[in-house]
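>
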Amino acid sequence: MQSIASRRARPSVQDEIGPRQPGAIYQNTDGRFEVLALVTNPADAAQLLRRTAARWAVIVRDTLRPDAQPFAVGTVWTDSDYLIRPAKQSYTAAA
Numbered sequence: 001m002q003s004i005a006s007r008r009a010r011p012s013v014q015d016e017i018g019p020r021q022p023g024a025i026y027q028n029t030d031g032r033f034e035v036l037a038l039v040t041n042p043a044d045a046a047q048l049l050r051r052t053a054a055r056w057a058v059i060v061r062d063t064l065r066p067d068a069q070p071f072a073v074g075t076v077w078t079d080s081d082y083l084i085r086p087a088k089q090s091y092t093a094a095a
């Protein structure tokens, strides 16, 4: 028999990432971050985050620090995060 905890659905990758798509800016208690890239390949995410159980990673830059270097994060989107600027829409010209 399965326990109740093992029957709970795991949050989807998109739910964990939230609105953090390239071009978006979000803020939380750690800073204000521009999303530079989204990595959804688990092997690449694990390497970036230096942990084996990563499903995704977001590469960000802290916009409050002028000398900030890009870095990878793997924290899930929570109620303490809020979107300042949505991701830029990229459109492809019709052929």
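For the record, in the sequence shown the residue sitting at position 39 is 39 according to our numbering, with numbers rising by one throughout.
Where a beta carbon is used, it is the ideal one built from N, C-alpha and C, also for glycine.
For A72, tell me which candidate among T29, D79 and V39 has the shortest Cα-Cα distance.
Here residue 72 corresponds to residue number 72 of the sequence shown, with the count starting at 1. The shortest C-alpha separation from A72 is found at V39.
> Select from V60, K88 and P86 the residue whose C-alpha is nearest the C-alpha of T75.
Position 75 of the sequence shown, counting from 1, holds the residue named residue 75. The shortest C-alpha separation from T75 is found at V60.
> Check this for me: beta carbons of I17 and I84, under 8 Å apart or not?
Counted from its first residue, the sequence shown places residue 17 at position 17. Counted from its first residue, the sequence shown places residue 84 at position 84. Not a contact, by the Cβ cut-off of 8 Å.
> Return yes when the Cβ of V58 is within less than 8 Å of the Cβ of R10, no when it is not.
Position 10 of the sequence shown holds residue 10. Position 58 of the sequence shown holds residue 58. Their beta carbons are not under 8 Å apart, which means R10 does not touch V58 by this criterion.
> According to DSSP, which residues form a beta bridge with Q89?
As a first step, residue 89 is located in the sequence shown; it is residue number 89 there, counting from the start. Paired residue(s): none; Q89 is not in a bridge.
> Threshold first: 4 residues or longer. Then list the alpha helix (DSSP H) segments lying entirely within the stretch 11-36, N to C.
For the stretch 11-36, whole alpha helix (DSSP H) runs of length 4 or above, ordered along the chain, are 13-17.
> Does DSSP put A72 in a helix, a strand or coil?
For this step, residue 72 is matched to residue 72 along the sequence shown. Correct three-state label for A72: strand.
> Reducing DSSP to helix, strand and coil, say where L64 ends up.
Position 64 of the sequence shown, counting from 1, holds the residue named residue 64. In the structure shown, L64 sits in coil (DSSP, three-state: anything other than H, G, I, E or B).
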